[in-house]
Amino acid sequence: MRRSNVSRYAGFLATAGLATGLGLVMSAASAFAQATGADVPGASSSPVVIAPENWAMGLQAAGGPVKESIHDFNQFVLWIISLITVFVGLLLAFVIWRFRASKNPVPSRTSHHTWLEVAWTVVPVLILIAIAIPSFRLIYYQDRAVDADMTINVTGRQWYWHYAYPDAGNLAFDSYPIATADLQPGQLRNLDVDNPMVIPVGKNIRVLTTGQDVIHSFFVPSLGVQKYTIPGRTLETWFRADRPGTFYGQCNQICGQNHWFMPIVVKAVPEAEYQAWLEQARERFAADAGTPAPAGQATTTVAELHR
Ligand SMILES: [Cu+2]
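Using the working numbering, the first residue of the sequence shown is number 748, and each one after it goes up by one.
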């Protein structure tokens, strides 16, 4: 009997210790990720490449303000989690030591303690409120661009992306991944695409998403954007890249057998370079503006969306 109690206590202790350690490691990793991420914008204007990395810990580095806000919030919540884990772990260790059977042969039969019960109800409520306020602030910040400089319509299709630039006339094109055999040096397998989405640096990009066939999801972690593309609906979000670079993402909604076939590349370039790209893209995609939307599937305009 004693033996089984001891091993149970040891199990508790090990679990509490592990949880505490894990919390601290996650916190440190995130602090590191944030430190490296915080260095990205504005440090210099040489282009960055932000893509998934093997064995990476924490969140991807930030390419713009939305992701920076996500980093801040993540860091804040991680501190709270870590402190709670340490507190509960220490409390558990103390109880196991202080009330062990040999030291405490006659257990207390106390079952109520009003003030203690009030405290352990009120304190968690306060913690949740402290988390909820910045959480809602972040949700509304991500929701839509207050002052959008331009709009890009994103359509998820089985299985490729279709991008349209309504501010640039009828510029539209499809984006497919590059086959492994055709990869150029430096290109990433299953991530690089033939026609990336090109955007100007420092501009607020309004993104309107819709789906053509099933639900897809437009997900570029380093720009802090993840939005479903739902057939029959238009959703809005926004992002901004604060420095030139290439930001990789993927459809992250399981959308069918070629779900893996939907990587996303957003290329942020200086304004002059963007204008030059627009010029040649208009010509290049004039003959082939990608696959048109089927009849009856009009893209919602911003005015319609906000009506
Ligand atoms: Cu998809």
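Cβ atoms here follow ideal geometry from the backbone N, Cα and C, with glycine treated the same way.
All figures in this text were calculated on a predicted structure; none of them were measured in a lab.
Residue i in three-state terms, based on DSSP
i, result
"Gln807", "coil"
"Val921", "Correcting the residue identity first, residue 921 is Asp in this sequence and not Val. The answer is strand: DSSP assigns Asp921 an E or B state."
"Thr832", "helix"
"Thr993", "strand"
"Ile977", "coil"
"Ala1058", "An answer regarding residue 1058 cannot be provided, because it is not within the stretch 748 to 1054 covered by the chain."
"Asp819", "helix"
"Val870", "helix"
"Met748", "Since pLDDT at Met748 reaches only 35, below the 50 mark, its modelled position is unreliable, and the value read off the structure follows with that caveat. Three-state DSSP puts Met748 in coil, outside helix and strand."
"Val796", "strand"
"Val972", "strand"
"Val853", "coil"
"Arg847", "coil"
"Arg891", "coil"
"Gln1027", "helix"
"Thr1038", "coil"
"Ser858", "coil"
One or two residues paired with residue i in a DSSP bridge
i, result
"Trp906", "Paired residues: none, contrary to the question."
"Cys998", "Phe965"
"Arg953", "Thr898, Trp985"
"Pro943", "Paired residue(s): none; Pro943 is not in a bridge."
"Ala1015", "Ile946, Gly992"
"Pro1010", "Gln997"
"Gly958", "Gly903, Pro978"
Near ligand 1: residue i beta-carbon under 7 Å from a heavy atom
i, result
"Trp867", "no"
"Met1009", "yes"
"Gly903", "yes"
"His1006", "yes"
"His963", "yes"
"Gln959", "no"
"Gln1022", "no"
"Lys973", "The sequence shown places Gln at residue 973, not Lys. It does not: the Cβ of Gln973 is nowhere closer than 7 Å to a heavy atom of ligand 1."
"Gln1000", "yes"
"Trp906", "yes"
Buried/exposed call for residue i, threshold 16 Cβ in 10 Å
i, result
"Pro932", "exposed"
"Val787", "Residue placement at Val787 is poorly supported in this model, since its pLDDT is 43, which falls under 50; the coordinates still yield a value, given next. It is buried - the Cβ of Val787 has at least 16 other Cβ atoms within 10 Å."
"Gly1003", "exposed"
"His909", "buried"
"Gly916", "exposed"
"Gly979", "exposed"
"Pro871", "exposed"
"Tyr887", "exposed"
"His963", "buried"
"His859", "exposed"
"Leu863", "exposed"
"Leu837", "exposed"
"Phe994", "buried"
"Asp939", "buried"
"Leu918", "buried"
"Ala1034", "exposed"
Beta-carbon contacts of residue i that lie in its chain and below 6 Å, excluding the five residues immediately before and after
i, result
"Asp896", "Lys950, Asn951"
"Thr927", "Arg936"
"Trp906", "Asn1005, Phe1008, Met1009"
"Thr902", "His909, Thr957, Gln959"
Chain-order list of residues whose beta-carbon lies under 7 Å from that of residue i (same chain, five-residue window excluded)
i, result
"Arg904", "Gln959, Asp960"
"Gly992", "Pro794, Val795, Val796, Ile797, Gly810, Ala1015"
"Val945", "Lys1014, Val1016, Tyr1021, Trp1024"
"Ser792", "Arg990, Pro991"
"Ile874", "Ile827"
"Phe823", "Pro881"
Other residues of its chain near residue i: CB distance less than 8 Å, five sequence neighbours each side excluded
i, result
"Arg891", "Arg953, Glu983, Thr984, Trp985"
"Gln934", "Ile925"
"Ala879", "none"
"Ala785", "Only weak support exists for where Ala785 lies, its pLDDT of 41 falling under 50; the coordinates are left without a value."
heavy atom of ligand 3 below 7 Å from residue i C-beta
i, result
"Trp802", "Ligand 3 is absent from the structure shown, which contains only ligand 1."
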